[in-house]
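Please read the structure below before turning to the comments.
Protein chains: 2
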Amino acid sequence: MSSVSASDGPADVSAKPTRERILEVAERLFANQGYNGVSLRRITTEADANMAAVHYYFRSKEALLKAIFDYRVQPLTQERQQRLQEVLERAGDQPPKARDVLAAFLGPGIRLSATPQGAIFNRLSAICSVDPDPVVKQIVFGVHDAVAEPFVAALRRACPELDGPTFFVRLQCVFGCMMYLRADNGRVDRLLPAADGEAARRDYNATLERLLDFVEAGMLA
Amino acid sequence: MSSVSASDGPADVSAKPTRERILEVAERLFANQGYNGVSLRRITTEADANMAAVHYYFRSKEALLKAIFDYRVQPLTQERQQRLQEVLERAGDQPPKARDVLAAFLGPGIRLSATPQGAIFNRLSAICSVDPDPVVKQIVFGVHDAVAEPFVAALRRACPELDGPTFFVRLQCVFGCMMYLRADNGRVDRLLPAADGEAARRDYNATLERLLDFVEAGMLA
DNA sequence: GTCTATATGTGGATAGAC
DNA sequence: GTCTATCCACATATAGAC
Numbered sequence: 004m005s006s007v008s009a010s011d012g013p014a015d016v017s018a019k020p021t022r023e024r025i026l027e028v029a030e031r032l033f034a035n036q037g038y039n040g041v042s043l044r045r046i047t048t049e050a051d052a053n054m055a056a057v058h059y060y061f062r063s064k065e066a067l068l069k070a071i072f073d074y075r076v077q078p079l080t081q082e083r084q085q086r087l088q089e090v091l092e093r094a095g096d097q098p099p100k101a102r103d104v105l106a107a108f109l110g111p112g113i114r115l116s117a118t119p120q121g122a123i124f125n126r127l128s129a130i131c132s133v134d135p136d137p138v139v140k141q142i143v144f145g146v147h148d149a150v151a152e153p154f155v156a157a158l159r160r161a162c163p164e165l166d167g168p169t170f171f172v173r174l175q176c177v178f179g180c181m182m183y184l185r186a187d188n189g190r191v192d193r194l195l196p197a198a199d200g201e202a203a204r205r206d207y208n209a210t211l212e213r214l215l216d217f218v219e220a221g222m223l224a
Numbered sequence: 004m005s006s007v008s009a010s011d012g013p014a015d016v017s018a019k020p021t022r023e024r025i026l027e028v029a030e031r032l033f034a035n036q037g038y039n040g041v042s043l044r045r046i047t048t049e050a051d052a053n054m055a056a057v058h059y060y061f062r063s064k065e066a067l068l069k070a071i072f073d074y075r076v077q078p079l080t081q082e083r084q085q086r087l088q089e090v091l092e093r094a095g096d097q098p099p100k101a102r103d104v105l106a107a108f109l110g111p112g113i114r115l116s117a118t119p120q121g122a123i124f125n126r127l128s129a130i131c132s133v134d135p136d137p138v139v140k141q142i143v144f145g146v147h148d149a150v151a152e153p154f155v156a157a158l159r160r161a162c163p164e165l166d167g168p169t170f171f172v173r174l175q176c177v178f179g180c181m182m183y184l185r186a187d188n189g190r191v192d193r194l195l196p197a198a199d200g201e202a203a204r205r206d207y208n209a210t211l212e213r214l215l216d217f218v219e220a221g222m223l224a
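Chains as they are written, first to last, in the working numbering: chain C, 4 to 224; chain H, 4 to 224.
The following block contains the structure:
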C-alpha cells in the first residue's frame, strides 16, 4: 500500500510495483465477483500486467488469494488480540463482560470499513467465508482460527449460564451478523428506504454500536 | 419429490424420470459446491443422464437453477405468507409482536432442515444469497423479494421506536443470523465441542427457539 | 426422449525470447 | 523482471443420429 512515491490516490495505480498492483486489483475484483468469478486474465489486464507476472510473483491463483489474506489479516489479528487482552486484564479474575469481548472481536473488522480499501477487504472476507470452494474455505478459516479460539473461550466465560447447544446457536448468530454486515450484499437495501442504508453506511462507528447492541442483547437473552 | 412408485429412499434415484433426477442431483451439488463450482457434466453424470438432457428439459444451466428455486420456494412463500397473515389478524389494529413476525418469517425456513432434502435446499439458498455472481443473485433475490416486503413492513410496525438507520442495521443482523444458520458452513464447529453442534442440529425446533430468542432480544434492545 | 460427437469459448499454467 | 505465444484441460451449448 504505502509505496515509494507520494501517490495521487488509488487511481494512480501504475506508479506502484507490478506485484502490488496485482494484489490491489485482485483484492478488488475478488471482493466484487468472488474467487472463482474472476480470471487471472482479467486481473492482469486491469493491473496493466500480464498472466506470466502472476505466476512469477505468486506461483498460482490460489497462492495469490492466500497472499491477500496474509497481508490484510495480520494487523486485524494483532488488534483483536490486543483488545481482547486488555478486556481480560481489566476483568481480572472475574468473567469479562460479553459486550467487551464482542467489541474486541467485532470492532476491528467493522472499523475496517472506514477506508475504501478496508471496505473492499471486508467484502472479500465475508464472501470467501461462505464460499463453497474448499480451496477458498481452507484459506479463510485457516487465517482466522488462531484468533477466534481465545475470543470464543472468553465469550464462553462471559455467558456461563448458557448450555452448550444454545451457546453454539448464538455464536453462529454472532458470526452471521458480522458476516452479513461486512458482506453488505445489498439485500436489505432493496427492502428499506435508500436514505436509511446510506445513513448507516456513512457512520461505521454507529454501525458498530448498533451491531453490539444487537449481539449483546442476543447473547444475554 | 413424491414420484410414481414407492421409492426405497433417496438412493433409489434411478426410478424417477430423468428431469427429476437432474433437479435433485443439481440441487445437492449446487448446495455443496455452489452454482459455479459444479459443471453440467458432473450433474448429468451423477444423475445418470447426459449433457444434452439438461438443455432439452431446462434450456440452460441458469434456467436449471431457476427451476430449482421456483420449485422449492413456492411452498415456503405460501407458509410464510399464511403465518404472517395469522399474526397480523391476531394483532388486529395493534402493532404485532416482533417475535411473532420473526417466527412467521424465520420458522418455515429453519423447519425445512427437518428433512434431508430441506436441509440441502437451505444450504443452497444461503450459499446463493451471498454468491457474487449477478446471475445467481438475481434469481435468489427475485424469488424472495415478494414475501420479504410485507414481513419487513410488519416488523417495522413492531419496532416503531427504532430510527431508520438502526432498523436497517438490525434487519441486516436478522438476515445474517438466518443466513448463517441455514448455510451451516461448519465454521463454528471448528471452535466448539462437537457434541454441542450435533445436539443443536438434532433438534431443529430448539434451534428455531434459540434463534428467535436471539433476534427478538436484538430487535428489542 | 435419449444419446454421441463436436463446436466454440475460456480457464490456469508455462516455455522461452528479450 | 517482463513480455508473447501457446499448451492443455474443461466449460457450456448444440447438431444430428437413433
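Note that the Cβ used here is the ideal one computed from N, Cα and C, for glycine as well.
Computed from a predicted model, the values in this text were never measured in an experiment.
Proximity test, Cβ basis, 9 Å: residue i and chain H
{"i": "F217 (chain C)", "result": "yes"}
{"i": "K140 (chain C)", "result": "yes"}
{"i": "C162 (chain C)", "result": "no"}
{"i": "Q175 (chain C)", "result": "yes"}
{"i": "G40 (chain C)", "result": "yes"}
{"i": "D199 (chain C)", "result": "yes"}
{"i": "L194 (chain C)", "result": "yes"}
{"i": "P111 (chain C)", "result": "no"}
{"i": "F144 (chain C)", "result": "yes"}
{"i": "G121 (chain C)", "result": "no"}
{"i": "R54 (chain C)", "result": "The amino acid occupying residue 54 (chain C) in the given sequence is Met; Arg does not appear at that position. False, the Cβ-Cβ gap to chain H never drops below 9 Å."}
{"i": "L68 (chain C)", "result": "no"}
{"i": "D134 (chain C)", "result": "yes"}
{"i": "D226 (chain C)", "result": "There is simply no residue 226 (chain C) to check, as chain C begins at 4 and stops at 224 in what is shown."}
{"i": "D148 (chain C)", "result": "yes"}
{"i": "L223 (chain C)", "result": "yes"}
{"i": "A220 (chain C)", "result": "yes"}
{"i": "G130 (chain C)", "result": "As written in the sequence, residue 130 (chain C) is Ile, which differs from the Gly given in the question. Yes - at least one Cβ of chain H is within 9 Å of the one on I130 (chain C)."}
{"i": "R44 (chain C)", "result": "no"}
{"i": "V57 (chain C)", "result": "no"}
{"i": "L115 (chain C)", "result": "no"}
{"i": "A101 (chain C)", "result": "no"}
{"i": "L214 (chain C)", "result": "yes"}
{"i": "A50 (chain C)", "result": "no"}
{"i": "A94 (chain C)", "result": "no"}
Continuous alpha helix (DSSP H) stretch holding residue i: start and end
{"i": "F154 (chain C)", "result": "P137 to A161"}
{"i": "G112 (chain C)", "result": "A101 to R114"}
{"i": "L214 (chain C)", "result": "Y207 to L223"}
{"i": "P78 (chain C)", "result": "K64 to A94"}
{"i": "A55 (chain H)", "result": "M54 to Y60"}
{"i": "Y183 (chain C)", "result": "G167 to A186"}
{"i": "S132 (chain H)", "result": "P119 to S132"}
{"i": "A18 (chain C)", "result": "First-last for A18 (chain C): undefined, no H or E at that position."}
{"i": "R45 (chain C)", "result": "L43 to E49"}
Residue i vs residue j beta-carbon contact at 9 Å
{"i": "L109 (chain H)", "j": "L214 (chain H)", "result": "yes"}
{"i": "D187 (chain H)", "j": "N39 (chain H)", "result": "no"}
{"i": "K19 (chain C)", "j": "E30 (chain C)", "result": "no"}
{"i": "I46 (chain C)", "j": "L127 (chain C)", "result": "no"}
{"i": "Y60 (chain C)", "j": "T21 (chain C)", "result": "yes"}
{"i": "M222 (chain H)", "j": "V177 (chain H)", "result": "yes"}
{"i": "L158 (chain C)", "j": "L105 (chain C)", "result": "yes"}
{"i": "A198 (chain C)", "j": "G167 (chain H)", "result": "yes"}
{"i": "A203 (chain C)", "j": "T169 (chain H)", "result": "yes"}
{"i": "E89 (chain C)", "j": "A107 (chain C)", "result": "yes"}
{"i": "P196 (chain C)", "j": "Q84 (chain C)", "result": "no"}
{"i": "A161 (chain C)", "j": "A224 (chain C)", "result": "no"}
{"i": "V57 (chain H)", "j": "I25 (chain H)", "result": "yes"}
{"i": "G200 (chain C)", "j": "F217 (chain H)", "result": "no"}
{"i": "M182 (chain H)", "j": "G37 (chain C)", "result": "no"}
is_contact[residue i, chain C] using C-beta, thresh 9 Å
{"i": "N35 (chain H)", "result": "yes"}
{"i": "T210 (chain H)", "result": "yes"}
{"i": "E152 (chain H)", "result": "yes"}
{"i": "V104 (chain H)", "result": "no"}
{"i": "V28 (chain H)", "result": "no"}
{"i": "S22 (chain H)", "result": "For clarity, residue 22 (chain H) is Arg in the given sequence; the question names Ser instead. False, the Cβ-Cβ gap to chain C never drops below 9 Å."}
Assumed close pair residue i, residue j - CB separation to whole angstroms, cut-off 8 Å
{"i": "V146 (chain C)", "j": "L174 (chain C)", "result": "With a Cβ gap of about 19 Å, V146 (chain C) and L174 (chain C) do not count as contacting."}
{"i": "I123 (chain H)", "j": "A34 (chain H)", "result": "5 Å"}
{"i": "R185 (chain H)", "j": "A129 (chain H)", "result": "4 Å"}
{"i": "E82 (chain C)", "j": "P119 (chain C)", "result": "19 Å between Cβ atoms; not a contact."}
{"i": "R193 (chain C)", "j": "F144 (chain H)", "result": "7 Å"}
{"i": "I142 (chain H)", "j": "L68 (chain H)", "result": "6 Å"}
{"i": "D134 (chain C)", "j": "K140 (chain C)", "result": "6 Å"}
{"i": "L99 (chain C)", "j": "P163 (chain C)", "result": "One point to set straight first is that residue 99 (chain C) is Pro, not Leu, in the sequence displayed. That belief does not hold up - the Cβ atoms of P99 (chain C) and P163 (chain C) are roughly 11 Å apart, past 8 Å."}
Interfacial residues, the stretch 166-190 of chain H to chain C, with Cβ spacing under 9 Å: Only D166, G167, P168, T169, F170, F171, V172, R173, L174, Q175, C176, V177, F178, G179, C180, M181, M182, Y183, L184, A186, D187, N188, G189 and R190 from the stretch 166-190 of chain H bring a Cβ to less than 9 Å from some Cβ of chain C.
Closer than 7 Å, Cβ to any Cβ of chain H: which residues of the stretch 73-90 of chain C, in chain order? The stretch 73-90 of chain C vs chain H, Cβ under 7 Å: nothing.
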